[in-house]
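Peer 1:
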Amino acid sequence: MSEAYFPVESGALGSEENFLSLDDILLSHEKLPVRTEIPMPRLGVFFQDRSAGAEGDHALPQGSKLELPLWLAKGLFDNKRRVLSVELPKLYQQGWRTVFSADANVVDLHKMGPHFYGFGSQLLHFDSPENVDISQSLLQTFIGRFRRIMDSSQNAYNEDTSALVARLDELERGLFQIGQRGLNDFQCWEKGQASQITASSLVQNYKKRKFADMEH
Numbered sequence: 250m251s252e253a254y255f256p257v258e259s260g261a262l263g264s265e266e267n268f269l270s271l272d273d274i275l276l277s278h279e280k281l282p283v284r285t286e287i288p289m290p291r292l293g294v295f296f297q298d299r300s301a302g303a304e305g306d307h308a309l310p311q312g313s314k315l316e317l318p319l320w321l322a323k324g325l326f327d328n329k330r331r332v333l334s335v336e337l338p339k340l341y342q343q344g345w346r347t348v349f350s351a352d353a354n355v356v357d358l359h360k361m362g363p364h365f366y367g368f369g370s371q372l373l374h375f376d377s378p379e380n381v382d383i384s385q386s387l388l389q390t391f392i393g394r395f396r397r398i399m400d401s402s403q404n405a406y407n408e409d410t411s412a413l414v415a416r417l418d419e420l421e422r423g424l425f426q427i428g429q430r431g432l433n434d435f436q437c438w439e440k441g442q443a444s445q446i447t448a449s450s451l452v453q454n455y456k457k458r459k460f461a462d463m464e465h
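Using my numbering, you'd call the opening residue of the sequence shown number 250 and step up by one each time.
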């Protein structure tokens with residue numbers, strides 16, 4: 250039975266999100282605190298309480314503090330022409346980085362931000378002086394939590410893992426599910442219930458091309 254939607258791999262940990270990935274679409278709508286560095290004509294229409302100037306202009310004045318979705322902040326940000334500056338969300342500031350370095354496992358990442366790693370990686374686009382510290386914190390947080398996640402996925406077979414999974418970032422949830430599937434496949438293999446081994450699609454396609462070439 251075919252699925253209505255085939256999951257598309259996220260690209261948020263790289264340079265750009267994948268616009269076909271549902272996870273990346275959701276991530277790109279996460280809000281980011283910004284400050285306008287120049288007056289922005291006509292954008293005051295969307296922020297009525299902060300608009301200024303002539304009625305037909307609806308300019309957003311310089312120095313306005315807003316929360317914009319990630320996709321819009323990335324589109325407006327320009328290093329050469331200072332349109333806006335980005336403020337780090339609290340979760341990525343020094344105080345929280347200290348918490349993560351002390352014991353990353355105690356933090357409920359899903360409650361703090363369901364796309365912690367992806368959103369944090371996208372913050373590196375904004376040329377902050379803290380980028381090196383942010384990237385190091387993301388890496389060390391992932392390393393610190395990875396072993397516990399995979400150990401739990403391998404040692405919680407047929408147990409209620411909802412409380413554990415509820416505290417995980419979306420990336421971590423995906424890793425946990427992979428670990429559970431691997432354990433389930435191993436258990437089936439041990440019991441002699443493994444499915445029949447079949448040739449991969451790459452091998453089948455190669456054979457088809459080879460036969461086609463022989464016919465020519």
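Note that beta-carbon positions come from the ideal geometry of N, C-alpha and C, so glycine has one too.
Buried or exposed for Ala303, going by 16 or more other Cβ atoms inside 10 Å?
Peer 2: Locating residue 303 in the sequence shown gives position 54, counting from the first residue. Any reading at Ala303 must be qualified, since the residue scores a pLDDT of 45, below 50, and its modelled position is unreliable; the value itself is stated next. The residue in question, Ala303, is exposed, as its Cβ has fewer than 16 Cβ neighbours within 10 Å.
Peer 1: For Ser401 and Trp320, I'd like the C-alpha separation in whole angstroms.
Peer 2: In the sequence shown, residue 401 corresponds to position 152, counting from 1. In the sequence shown, residue 320 corresponds to position 71, counting from 1. Roughly 35 Å between the two C-alpha positions.
Peer 1: Secondary structure at Lys329, three-state DSSP: helix, strand or coil?
Peer 2: Counting from 1 along the sequence shown, the entry for residue 329 is found at position 80. The answer is coil: DSSP assigns Lys329 none of H, G, I, E or B.
Peer 1: Measure the C-alpha to C-alpha separation of Ser350 and Gly369 and round it to an integer number of angstroms.
Peer 2: The residue you call residue 350 lines up with position 101 of the sequence shown. The residue you call residue 369 lines up with position 120 of the sequence shown. Taking the straight line joining both Cα atoms gives about 16 Å.
Peer 1: Could you spell out where the alpha helix (DSSP H) holding Thr410 opens and where it closes?
Peer 2: On the sequence shown, position 161 is the one that residue 410 refers to. From DSSP, Thr410 is part of no alpha helix (DSSP H); its letter is neither H nor E.
Peer 1: Any chance the stretch 314-330 sits against the stretch 271-282, with 3 or more Cβ pairs inside 8 Å?
Peer 2: Judged by Cβ distances under 8 Å, the stretch 314-330 makes contact with the stretch 271-282, as three or more pairs qualify.
Peer 1: With distances taken from CA atoms, which of His307, Leu333, Pro378, Leu340 is nearest Leu315?
Peer 2: Reading the sequence shown from its first residue, position 66 is the one you call residue 315. It is Leu333 whose Cα lies nearest to the Cα of Leu315.
Peer 1: Examine the Cβ distances between the stretch 374-389 and the stretch 419-430 and report whether three or more of them are shorter than 8 Å.
Peer 2: no
Peer 1: Count the other CB atoms, across all protein chains shown, that sit within 10 Å of the CB of Met250; report buried if there are 16 or more and exposed otherwise.
Peer 2: Locating residue 250 in the sequence shown gives position 1, counting from the first residue. Low confidence applies to Met250: its pLDDT is 43, below 50, so where it sits in the model is not reliable enough to give any reading.
Peer 1: Gln429 to Phe395, Cα distance in whole Å?
Peer 2: Residue 429 sits at position 180 when you count from the first residue of the sequence shown. Residue 395 sits at position 146 when you count from the first residue of the sequence shown. If you take the alpha carbons of Gln429 and Phe395, they lie about 14 Å apart.
Peer 1: If you check the beta carbons only, do Leu340 and Leu372 fall under 8 Å apart?
Peer 2: Translated into the one-based positions of the sequence shown, residue 340 becomes position 91. Translated into the one-based positions of the sequence shown, residue 372 becomes position 123. No.
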